[in-house]
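Have a look at the structure below before the remarks.
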Amino acid sequence: MLFWYIRFVLEWTIWLIFADKKRWRELFPMGFIAGLYGATTDTITRHYPLWKYDDNISPIPHLVNTWGIYIVVVYLFLQWLPSKRTFGRMFVYWFLWTSVTISIEWFHVHTGHMTYHLWWNMHWSYLADWVLFLIFYLYYKIFKFEKMR
Numbered sequence: 119m120l121f122w123y124i125r126f127v128l129e130w131t132i133w134l135i136f137a138d139k140k141r142w143r144e145l146f147p148m149g150f151i152a153g154l155y156g157a158t159t160d161t162i163t164r165h166y167p168l169w170k171y172d173d174n175i176s177p178i179p180h181l182v183n184t185w186g187i188y189i190v191v192v193y194l195f196l197q198w199l200p201s202k203r204t205f206g207r208m209f210v211y212w213f214l215w216t217s218v219t220i221s222i223e224w225f226h227v228h229t230g231h232m233t234y235h236l237w238w239n240m241h242w243s244y245l246a247d248w249v250l251f252l253i254f255y256l257y258y259k260i261f262k263f264e265k266m267r
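Pasting the structure below:
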């Protein structure tokens, strides 16, 4: 359980250090949507277990994900979007962010804090990361959150 508390504090410390807090009205809505998505998938996986956290009884891992990493990662991902959004720049940007997120997941799996079940594996997670970052970016762009600056 201590692992999850430490991770939560570390995530928000990273946010406090790196986040452009002046842009919170623009960026937090997508963070909350990411948290809602995470809470939804964690709820679904309790009934159809594609993955589990080491403490599947306590809600702490799910709450840490919902109110921690999902919000912080999406906030920083959108905050640092390249100003020139060519295909090449965006591909490299996506590659860097998906590499970070899959590395975090790899750490969880290899330290025993997360396990895969049924047909799910790290390859599916990596593909899902690409799709999720695309969804968050498109939602942010389509609903013109960027114009709120």
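First residue of the sequence shown: 119, per the numbering used here; consecutive thereafter.
Glycine included, every Cβ here is placed at the ideal spot set by N, Cα and C.
The beta carbon of arginine 207 sits closer than 6 Å to those of Pro200, all from its chain and outside the five residues before and after it, given in chain order. For lysine 259, the enclosing alpha helix (DSSP H) stretches over residues 240-260.
Tryptophan 248 is positioned such that its CB atom lies no closer than 9 Å to that of threonine 204. Annotation: the continuous beta strand (DSSP E) that includes tyrosine 234 extends over 232-234. Excluding the 5 residues flanking it on each side, tyrosine 234 has same chain C-beta neighbours closer than 6 Å at Trp169, in chain order.
Rounded to the nearest whole angstrom, the C-alpha separation of phenylalanine 146 and asparagine 239 is 30 Å. Looking at Tyr211, Thr219, Ile162, Tyr171, the one whose alpha-carbon comes closest to that of threonine 229 is Tyr171.
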